[in-house]
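A.B. asks:
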Amino acid sequence: MKRTIASLAVLALACAGAALAADPSKVARGKYLVTVAGCNDCHTPWIVGANGPEPDMTRMLSGHPQDFKVTSPAKTPDEPWIMTASVTNTAWSGPWGVSFTANLTPDPETGLGGWTQRNFTDTIRSGRHHGRGREILPPMPIRMYRNFTDDDLEAIFGYLGTIPVVKNRVPEPLPPAAPVAGK
Amino acid sequence: MNLAVALVASMLAAAVAGATPSIAPLPRWLSDTGYGAPEMQSFTPRYALWSDGAAKRRWIRLPAGTTIDTSNTDAWDFPPGTKLWKEFAFDGPVETRLIERLADGSWRFATYLWLADGSDAELAPEAGLRRLPVSSAPNGRYAVPSRNDCLACHEGPAVPVLGYSAVQLEAPPLPPALGYLHANCGHCHNATGAVAGIDLVLAQSAADPQASARATRASMFGRASRFRSRDGDAARRDHVIVERMHSTNPYTRMPPVGVQVVDREGVALVEAWIRHNSEEISR
Numbered sequence: 028m029k030r031t032i033a034s035l036a037v038l039a040l041a042c043a044g045a046a047l048a049a050d051p052s053k054v055a056r057g058k059y060l061v062t063v064a065g066c067n068d069c070h071t072p073w074i075v076g077a078n079g080p081e082p083d084m085t086r087m088l089s090g091h092p093q094d095f096k097v098t099s100p101a102k103t104p105d106e107p108w109i110m111t112a113s114v115t116n117t118a119w120s121g122p123w124g125v126s127f128t129a130n131l132t133p134d135p136e137t138g139l140g141g142w143t144q145r146n147f148t149d150t151i152r153s154g155r156h157h158g159r160g161r162e163i164l165p166p167m168p169i170r171m172y173r174n175f176t177d178d179d180l181e182a183i184f185g186y187l188g189t190i191p192v193v194k195n196r197v198p199e200p201l202p203p204a205a206p207v208a209g210k
Numbered sequence: 009m010n011l012a013v014a015l016v017a018s019m020l021a022a023a024v025a026g027a028t029p030s031i032a033p034l035p036r037w038l039s040d041t042g043y044g045a046p047e048m049q050s051f052t053p054r055y056a057l058w059s060d061g062a063a064k065r066r067w068i069r070l071p072a073g074t075t076i077d078t079s080n081t082d083a084w085d086f087p088p089g090t091k092l093w094k095e096f097a098f099d100g101p102v103e104t105r106l107i108e109r110l111a112d113g114s115w116r117f118a119t120y121l122w123l124a125d126g127s128d129a130e131l132a133p134e135a136g137l138r139r140l141p142v143s144s145a146p147n148g149r150y151a152v153p154s155r156n157d158c159l160a161c162h163e164g165p166a167v168p169v170l171g172y173s174a175v176q177l178e179a180p181p182l183p184p185a186l187g188y189l190h191a192n193c194g195h196c197h198n199a200t201g202a203v204a205g206i207d208l209v210l211a212q213s214a215a216d217p218q219a220s221a222r223a224t225r226a227s228m229f230g231r232a233s234r235f236r237s238r239d240g241d242a243a244r245r246d247h248v249i250v251e252r253m254h255s256t257n258p259y260t261r262m263p264p265v266g267v268q269v270v271d272r273e274g275v276a277l278v279e280a281w282i283r284h285n286s287e288e289i290s291r
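Note that the protein sequences, when read in sequence, are chains U and L.
The numbering used here applies: residue 28 is where the first sequence begins, and numbers increase by one.
The numbering used here applies: residue 9 is where the second sequence begins, and numbers increase by one.
1) Determine the extent of the alpha helix (DSSP H) in which L140 of chain L is found, giving its start and end residues.
2) When DSSP builds the beta bridges, which residues end up paired with R65 of chain L?
3) Mind checking whether the beta-carbon of F96 of chain L lies closer than 6 Å to any heavy atom of the ligand NAD?
4) Run through chain L and tell me which residues come within less than 8 Å of R161 of chain U, C-beta to C-beta.
5) Could you check if N146 of chain U is buried or exposed, using at least 16 other CB atoms within 10 Å of its CB as the buried criterion?
6) Name the DSSP beta bridge partners of R6 of chain L, please?
7) Give the DSSP bridge partners of Q49 of chain L, in chain order.
8) Count the C-beta pairs between the stretch 188–201 of chain L and the stretch 148–155 of chain L that are closer than 8 Å, then say yes if the count reaches three, no if not.
9) Of the choices L:Y172, L:G126, L:F235, L:E288, whose alpha-carbon is the least far from that of R66 of chain L?
10) If you draw a straight line from the C-alpha of A214 of chain L to the C-alpha of P180 of chain L, how long is it?
11) Return the chain-ordered list of same chain residues with a C-beta closer than 8 Å to the C-beta of T150 of chain U, the five sequence neighbours on each side being excluded.
12) Do we get a CB-CB distance below 7 Å when we pair V160 of chain L with the residues of chain U?
13) Would S153 of chain U pass as an interface residue toward chain L - the criterion being a Cβ-Cβ separation below 7 Å?
14) Anyone know if the C-beta pair for P51 of chain U and G124 of chain U falls short of 7 Å?
15) Give the residues of chain U in contact with C196 of chain L, contact being defined as C-beta atoms less than 7 Å apart.
16) Quick one: Cα of T85 of chain U to Cα of L131 of chain U, how far?
17) Expressed to the nearest angstrom, what Euclidean distance is found between the alpha-carbon atoms of Y172 of chain U and T143 of chain U?
18) Would you report the Cα separation of P82 of chain U and P72 of chain U, rounded to the nearest angstrom?
19) I need the DSSP call for D77 of chain L, collapsed to helix, strand or coil.
20) Leaving out five residues before and five after A226 of chain L in sequence, what residues of the same chain have Cβ atoms less than 8 Å from its Cβ?
21) Apart from the five residues just before and just after D134 of chain U, which ones in its own chain have a Cβ nearer than 6 Å to its Cβ?
22) Using a Cβ-Cβ cutoff of 9 Å, what residues of the stretch 123–145 of chain U are near chain L? List them in chain order.
23) For a contact meaning CB atoms closer than 9 Å, what does A202 of chain L contact in chain U?
24) For I109 of chain U, I'd like the list of residues in its chain whose CB is within less than 8 Å of its CB, leaving aside the five on either flank, ordered along the chain.
25) Please confirm whether G205 of chain L has its beta-carbon closer than 7 Å to some beta-carbon of chain U.
26) Is there a C-beta anywhere in chain U that falls below 7 Å from the one on N156 of chain L?
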């Protein structure tokens with residue numbers, strides 16, 4: 028019994044710590060920004076619901092589903108068309124190859140759980156993973172999103188740290204089928 | 009299709025624009041940066057960064073009467089006013105990059121593109137140039153880095169000067185593969201930089217080379233390593249590092265900046281070292 032009380036006390040302290048770490052007004056602001064910036068449009072897989080295609084919020088912001096295998100770019104459309112989207116709206120094929128939307132949930136292995144605020148801010152600002160890795164590919168509107176303020180990016184990253192964890196390993200992007208093309 | 013290519017190229021180019029404004033404007037011409045002055049001292053680091061086979065030359069110039077504070081062996085403190093230049097050439101100079109320490113202690117980065125007649129070089133656009141036609145470069149094109157690309161590598165370690173350090177110039181030589189990993193990967197993959205969370209430590213220390221070599225082995229082959237093979241062979245030959253170095257997929261290859269062509273000698277060196285470790289570990 029004593030052990031249970033002690034455990035509860037530790038749990039209560041841990042919860043208090045977590046609450047202090049995640050400022051509720053900042054998290055709410057982050058949720059608002061994520062909602063109106065359209066993150067769910069591509070980072071949440073779409074399904075056909077009662078009213079037609081809609082984001083499957085049970086897999087909110089978990090990126091391109093790992094079980095939905097895409098192995099090659101789509102057939103290049105004739106002009107004036109340029110891009111092709113998968114039925115989930117999470118895979119995009121174009122002259123750059125195929126891009127897959129990232130898992131933004133706080134899963135430490137497959138999402139942003141291992142990322143720091145700096146990693147997130149550097150990514151959005153530079154258009155490269157962690158600010159230094161590969162480029163973020165179309166259709167991510169990085170040239171607009173880089174204009175978020177530091178406060179906005181902190182609110183967004185803070186909110187993303189509170190959403191349900193989804194373990195989903197998004198594949199690496201595919202290069203273009205033909206040499207040259209987008210790179 | 010040309011329209012599509014142009015649109016995507018512009019989308020990608022825009023992704024690297026934008027950097028911190030500098031204190032004073034950079035000179036338009038390389039000749040106005042102090043380049044060519046007799047005080048420039050050339051140097052050659054022991055372990056070179058692979059740059060698609062470009063021929064490279066490097067120089068440093070300290071302000072008169074100043075010295076480098078080397079009391080921290082692994083993070084030399086350069087005096088304000090220090091300038092370093094690095095020339096990249098394919099049958100003639102293409103660009104000369106400049107790193108400068110400003111009076112307030114901050115650093116700035118720029119690159120200058122050589123005129124066809126070789127008389128001078130002109131400041132490159134801040135967003136870089138993705139496809140500068142250079143007939144003798146691989147695939148006939150050359151990527152000039154954006155200012156953000158400069159930061160991608162040079163902002164990683166404690167000091168942004170990568171080639172002029174104790175490891176590169178003074179310390180006892182490292183095993184070649186560790187030197188290679190240090191020079192080509194360690195500026196991002198180290199224990200303290202922005203991507204320390206990846207848990208891959210490839211930077212080497214002149215102060216304690218045994219400890220840094222141990223950290224590298226642990227991060228690549230140790231029991232807790234995320235890069236250790238799941239099939240039980242701790243250091244199998246197709247280690248993810250070799251896969252990434254071998255990759256020609258621009259989205260997965262490493263390093264992610266400044267490389268179009270696989271460095272076959274470098275890959276062979278690292279591969280042989282991994283094989284050696286594999287044998288050591290399985291004994």
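Note that beta-carbon positions come from the ideal geometry of N, C-alpha and C, so glycine has one too.
C.D. replies: The relevant details are as follows:
1) Per DSSP, L140 of chain L is not a residue of any alpha helix (DSSP H); the beta strand (DSSP E) it occupies stretches across 137–141.
2) DSSP, once it has assigned bridges, lists L:E95 as partnering R65 of chain L.
3) Questions concerning the ligand NAD fall outside what the structure shown contains, since it holds no ligand whatsoever.
4) Scanning chain L for C-beta atoms nearer than 8 Å to the C-beta of R161 of chain U yields P258, Y259, T260, P264, reported in chain order.
5) Label assigned to N146 of chain U: buried.
6) Chain L is shown from 9 up to 291; residue 6 of chain L falls before or after that span and cannot be answered.
7) In the DSSP assignment, Q49 of chain L forms a beta bridge with L:I68.
8) Output reads no: the stretch 148–155 of chain L does not touch the stretch 188–201 of chain L.
9) Ranking L:Y172, L:G126, L:F235, L:E288 by Cα distance to R66 of chain L puts L:Y172 first.
10) C-alpha separation (whole angstroms): 8 Å.
11) Closer than 8 Å at Cβ, skipping near neighbours: H156, H157, G158, I163.
12) Per the sequence shown, the amino acid found at residue 160 of chain L is Ala instead of Val. A160 of chain L counts as touching chain U.
13) Yes - at least one Cβ of chain L is within 7 Å of the one on S153 of chain U.
14) Not closer than 7 Å, so no.
15) The answer, in chain order, is R159.
16) C-alpha separation (whole angstroms): 14 Å.
17) CA-CA distance, Y172 of chain U to T143 of chain U, rounds to 18 Å.
18) For P82 of chain U and P72 of chain U, the distance between alpha carbons rounds to 6 Å.
19) Here DSSP, grouped into helix, strand and coil, assigns D77 of chain L to strand.
20) Excluding sequence neighbours, A226 of chain L sits near V209, A232, S233.
21) Taking C-beta separations shorter than 6 Å and ignoring five residues to either side along the sequence, the partners of D134 of chain U in its chain run G140, V192, K194, following chain order.
22) Cβ contacts with chain L: W123, G124, S126, E136, G141, W142, T143, R145.
23) Chain U residues near A202 of chain L: T143, R145, N146, D149, H157, G158, R159.
24) The residues are G121, P122.
25) So yes, G205 of chain L belongs to the interface.
26) For N156 of chain L, a Cβ of chain U is located within less than 7 Å of the residue's own Cβ.
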